[in-house]
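Asker: Going by our numbering, the sequence shown wraps up at 229, each residue one higher than the last. Just so you know, even glycine gets a beta-carbon here, dropped at the ideal spot from N, CA and C.
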Amino acid sequence: MTVRPLNSQEQNRNDTFCAQFHGGGRLEIQNFNQPKQFGYNVVFEPEASQEDVFDNSGMKKLIDMALNGYACTALAFGQTGSGKTHTMTGPPQQLYEEEFEGGKHPDPDMVGLMQRSFTYLLQQAESVAGNKVIRASYLEIYNEQVIDLLNPNQKRYLQVRWSKNKGFYVENLFVAECESVDDLMAVLEEGQLSSLSI
Numbered sequence: 032m033t034v035r036p037l038n039s040q041e042q043n044r045n046d047t048f049c050a051q052f053h054g055g056g057r058l059e060i061q062n063f064n065q066p067k068q069f070g071y072n073v074v075f076e077p078e079a080s081q082e083d084v085f086d087n088s089g090m091k092k093l094i095d096m097a098l099n100g101y102a103c104t105a106l107a108f109g110q111t112g113s114g115k116t117h118t119m120t121g122p123p124q125q126l127y128e129e130e131f132e133g134g135k136h137p138d139p140d141m142v143g144l145m146q147r148s149f150t151y152l153l154q155q156a157e158s159v160a161g162n163k164v165i166r167a168s169y170l171e172i173y174n175e176q177v178i179d180l181l182n183p184n185q186k187r188y189l190q191v192r193w194s195k196n197k198g199f200y201v202e203n204l205f206v207a208e209c210e211s212v213d214d215l216m217a218v219l220e221e222g223q224l225s226s227l228s229i
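1) Which residues in the same chain as D214 place their Cβ atom closer than 6 Å to its Cβ, once the five residues preceding and following it in sequence are excluded?
2) Can you have a look at T33 and say buried or exposed, based on whether 16 or more other CB atoms are within 10 angstroms of its CB?
3) Buried or exposed: where does G143 fall if 16 or more other Cβ atoms within 10 Å of its Cβ makes it buried?
4) Compute the Euclidean distance between the alpha carbons of N184 and N64, then round it to the nearest angstrom.
5) Starting from K67, follow its DSSP beta bridges and name the residues at the other end.
6) Output the distance between the C-alpha atoms of G100 and I94, rounded to the nearest integer angstrom.
7) Whole angstroms are fine: how far does the CA of N62 sit from the CA of D138?
8) Since D179 sits in a beta bridge, which residues does DSSP pair it with?
9) Can you give me the start and stop residues for the beta strand (DSSP E) that Y101 sits inside?
This is the structure:
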């Protein structure tokens, strides 16, 4: 569980923070009636850095498992504005482009879990014996519909299927072979641009 800080709009309204952190994955939400307590494996407080989340969220373990042949998924779930995109990809790409055009580089501390995962994946893949092929796809599930963000000409909604050989898979999902972090970043950027235009 990642809890984001109050955003500027919330601060301007003088909203108050309703979460209290008790350690050990315990979180308490204050409401008008009585506090509600929740338990998680890990709770990342608003002060947690992107690096903290990457190092302690299990992402590295998922990547290691993927390199051993397991199908793995990292899923960000939450309501609109809860910080899913920021956690997964960092600040919006437009901010990066503006900073690059101005001669500045994005703050490396703000890089999201996806970019950190790409670097870790390729580092680990190089250290593992045998040939590894890295394939990437980018889909969005919105209102229970699957959208291929790398193939905008594709029929808008794709079907989830199951077979003995593949397990669950998305039929006709575009897959790109990637050999470098730059290749993976290109997939991420193209998918983000398609997501913004839908």
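Answerer: Reading from the atomic positions:
1) none
2) buried
3) buried
4) 51 Å
5) I60
6) 10 Å
7) 36 Å
8) L170
9) Unbroken run through Y101: none, as it is neither H nor E.
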